[in-house]
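If you're matching positions, the sequence shown starts at 328 in the working numbering and goes up one per residue.
Glycine is no exception: its CB is placed at the ideal position from the N, C-alpha and C atoms.
All values reported here derive from a predicted model rather than from experimental measurement.
Written out below as structure tokens is the structure these notes cover.
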Amino acid sequence: PRTFKLLRSTRTAAVFQLESNGMRDLIKRLRPDQFDDLVALVALFRPGPLQSGMVEDFITRKHATNKADIDYLHPDLKPVLEETYGVILYQEQVMQIAQVLAGYTLGGADLLRRAMGKKKAEEMAEQREIFVKGATERGVSDRTATHIFDLMEKFAGYGFNKSHSAAYAVLSYQTAYLKAHYPAAFMAAVMSADLHNTDRLVTLKDDCRQLGLNLLAPDINKSSYHFSVSDEKTILYGLGAIKGVGRAAVESLIAERERCGAFRNLRDFCRRVDHEKINRRALEAMVKSGAMDGYGESRRSMMHQVPEALRGADQEAKATAAGQNDMFGLAAVDIELEQELPVQLAEWQEHLLLNAEKEALGLYLTGHPFDAVRNDARYLSDGRLSDIIAEPAPQNNKGERRYAQAQREVTVAGLIVDVKKRGNRVSVVLDDDTARMEVSLFSEAFQEFRHLLVKDEIVVVTGGLRYDDFMGSWTVNVKNVLHIDRVIESRAKSMVLSLAPNGQGEGLLVKLHDLLLPFREGNCDVSVRYIGDTAAARLSLGPEWAVRPSRELRDKLTELLGNNNVRLLYAPGREIM
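Okay, here's the thing in structure tokens:
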């Protein structure tokens with residue numbers, strides 16, 4: 328039950344044959360609850376069945392309240408077609424029908440299958456005559472025999488070899504079983520198999536979150552080369568997935584760790600590792616990835632310390648080689664370096680930290696760039712991408728799925744993660760860390776907005792929402808694109824700056840004055856909010872202090888006041904274009 332529950336949830340990333348968006352959509356509609364349904368899924372998810380109406384017929388019959396109403400074409404064919412609800416789906420069924428209804432031998436039935444596959448008119452005419460004659464000799468009416476042969480001929484073009492489909496379905500079930508019962512171990516293994524495929528790791532990272540798994544940053548004192556399992560809900564990032572850190576470097580690091588214990592700090596690490604295998608580039612990549620966060624220092628501080636730590640390690644190595652050790656076997660330079668307190672710097676701003684993280688890992692792990700504008704996007708778009716793509720597919724008046732024209736105009740916001748040209752259209756994938764959504768532009772529109780459609784930029788897109796039946800997902804036909812910074816600048820009506828009670832004084836107010844001064848002459852009012860131990864107050868600055876809330880100003884204010892202490896307020900309505 329747990330395996331089929333996972334399948335019906337369509338969380339099928341890394342499940343053999345069942346990963347694509349189109350297949351997930353088919354799973355959602357079919358709602359498999361037995362192994363035979365998986366065999367059918369593999370056979371149904373091909374252009375022929377999808378375009379012929381066979382899929383809709385199969386799904387409708389599977390979920391029919393009264394299975395007794397299913398038409399099996401002839402009573403003798405019920406044992407042959409019952410597993411597919413009266414639909415001729417497999418090549419083996421064509422052969423069985425010929426045997427049961429028209430008396431074909433196994434060899435003759437295989438010749439019929441081949442003839443249908445080749446679609447040669449002469450051979451088909453010959454087979455039709457043999458089939459109808461054999462069926463009528465067994466009491467089947469000429470009309471029924473001809474009708475059944477016509478259906479066989481039609482569906483044989485789409486028929487799939489059941490033995491192949493069953494073999495695929497076994498692997499599908501096995502991988503789904505492992506994912507459902509051992510999710511952390513399964514995902515760690517899959518991610519290890521795709522260690523250097525960043526695009527794949529991004530998909531798998533998102534799937535880990537949907538499964539309720541914690542994906543921790545790499546750790547030089549705990550991680551192995553591959554992804555590993557800390558507990559049944561936690562996966563530890565593999566050191567081998569850090570860009571610029573090769574297998575030899577990781578193996579050298581792990582060997583030293585096992586020989587002499589955990590690395591105490593950055594300088595201890597630099598003293599103990601082989602610099603021919605772990606150079607400055609690899610060391611900086613480890614810092615940026617978060618692999619040294621366990622030392623309690625900011626990544627910015629450790630990046631600042633790297634040159635000095637490497638220099639000290641080199642000096643110690645030279646001193647050791649020259650025999651310049653004290654009575655305890657320690658190099659004199661070692662004692663000097665331990666006595667020096669490393670410079671402690673405040674952490675990078677969130678977007679800088681995430682950019683460094685992506686440089687090292689190829690993806691954002693501990694946060695998402697969209698987090699910085701998530702509150703703003705609530706007022707600048709029609710909602711989260713996950714909510715929009717979760718809307719049910721449109722239906723015609725017969726309850727059948729259909730390719731839909733634009734349903735309504737929507738505004739969506741997200742980080743651009745991919746831009747691809749497909750024929751005369753350009754596909755752009757947006758990500759707001761709740762889901763991903765593909766939007767599309769014709770070549771003319773792309774030329775107009777191409778300066779904005781750059782990977783890792785956050786944009787606000789307006790266009791017609793429609794359902795792409797082939798892809799099995801919602802998309803937007805883009806009419807307009809704006810960078811989110813421009814939208815924020817034009818829409819924000821008020822900026823609230825929060826001041827904490829501790830450590831604030833006249834010096835801060837002077838800095839705040841100097842910081843706001845160059846950005847005046849805007850339309851965004853500014854107010855200061857102060858909450859003390861015994862009182863709270865909010866002071867609105869005069870209209871002469873209205874500012875333009877540019878990214879530069881917001882970043883500077885955040886650096887001065889801290890994260891979450893700069894908030895923008897918006898007026899009702901979203902006429903942003």
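| query | Straight-line CA distance for L836 to A819? | reply | 23 Å
| Given a threshold of 16 other Cβ atoms within 10 Å of its Cβ, counted over all protein chains shown, does A425 qualify as buried or as exposed? | buried
| query | Does the segment 520-534 come close enough to the segment 564-576 that 3 or more CB-CB pairs lie under 8 Å? | reply | yes
| Hey, quick one: how far does the beta strand (DSSP E) through K332 stretch, first residue to last? | Careful: K332 lies outside any beta strand (DSSP E), inside the alpha helix (DSSP H) at R329 to R335.
| task | Please name the residue in A863, D860, T861 and V814 whose C-alpha comes closest to that of L895. | result | V814
| message | If the criterion is Cβ atoms closer than 8 Å, does the pair S616 and P696 meet it? | response | no
| Where do the ends of the beta strand (DSSP E) carrying K405 lie? | Looking at the DSSP string, K405 is not in any beta strand (DSSP E); the run it does join, the alpha helix (DSSP H), is K405 to L408.
| request: Keeping to the same chain, check which residues put their C-beta closer than 6 Å to that of A535; ignore five residues upstream and five downstream. | output: Note that residue 535 is Cys in the sequence shown here, rather than Ala. Closer than 6 Å at the Cβ level, and outside the excluded window around C535, lie M514 and L542.
| field | Spatial distance of V874 from D620 (CA atoms) | value | 37 Å
| task | On a CA-only basis, which of D760, K747, A683 and V805 is nearest A772? Give me that one, please. | result | V805
| field | Unbroken stretches of the alpha helix (DSSP H), 4 residues or longer, contained in the segment 518-556 | value | 525-537
| Any idea if V781 is buried or exposed, counting beta-carbon neighbours within 10 angstroms, 16 or more meaning buried? | exposed
| query | By how many angstroms is the C-alpha of G694 removed from the C-alpha of L839? | reply | 28 Å
| query | What does R865 pair with, by DSSP beta-bridge criteria? | reply | R856
| What is the residue span of the beta strand (DSSP E) that S767 lies within? | R763 to F769
| query | Where does D601 land, buried or exposed, given buried means 16+ other C-beta within 10 angstroms? | reply | exposed
| said: According to DSSP, is L896 part of a helix, a strand, or is it coil? | reply: strand
| message | Taking its Cβ as the centre, do 16 or more other Cβ atoms sit within 10 Å of C851, making it buried, or is it exposed? | response | buried
| query | So, I605 versus L637, is the Cβ gap smaller than 8 Å? | reply | no
| task | For D759, name the three-state secondary structure that DSSP assigns. | result | coil
| field | Segment limits, alpha helix (DSSP H) that includes D477 | value | D469 to A483
| query | What number of angstroms, rounded off, separates the C-alpha of V467 from the C-alpha of P328? | reply | 43 Å
| Which ranges does the beta strand (DSSP E) cover as unbroken runs of at least 3 residues, wholly within the segment 810-850, from first to last along the chain? | 819-826
| request: Label K532 either buried or exposed according to how many other C-beta atoms from any shown protein chain fall within 10 Å of its C-beta, with 16 as the threshold for buried. | output: buried
| field | G790 in three-state terms, based on DSSP | value | strand
| said: Quick check on Y504: does DSSP put it in helix, strand or coil? | reply: helix
| field | Rounded C-alpha distance that separates E784 from K685 | value | 14 Å
| said: The alpha helix (DSSP H) that contains V382, what's its start and end? | reply: M381 to K389
| query | When DSSP builds the beta bridges, which residues end up paired with L884? | reply | BP columns for L884 are empty, so no partner.
| task | Can you tell me which of the three DSSP states V781 falls into? | result | coil
| field | Local conformation of S800 per DSSP, three classes | value | strand
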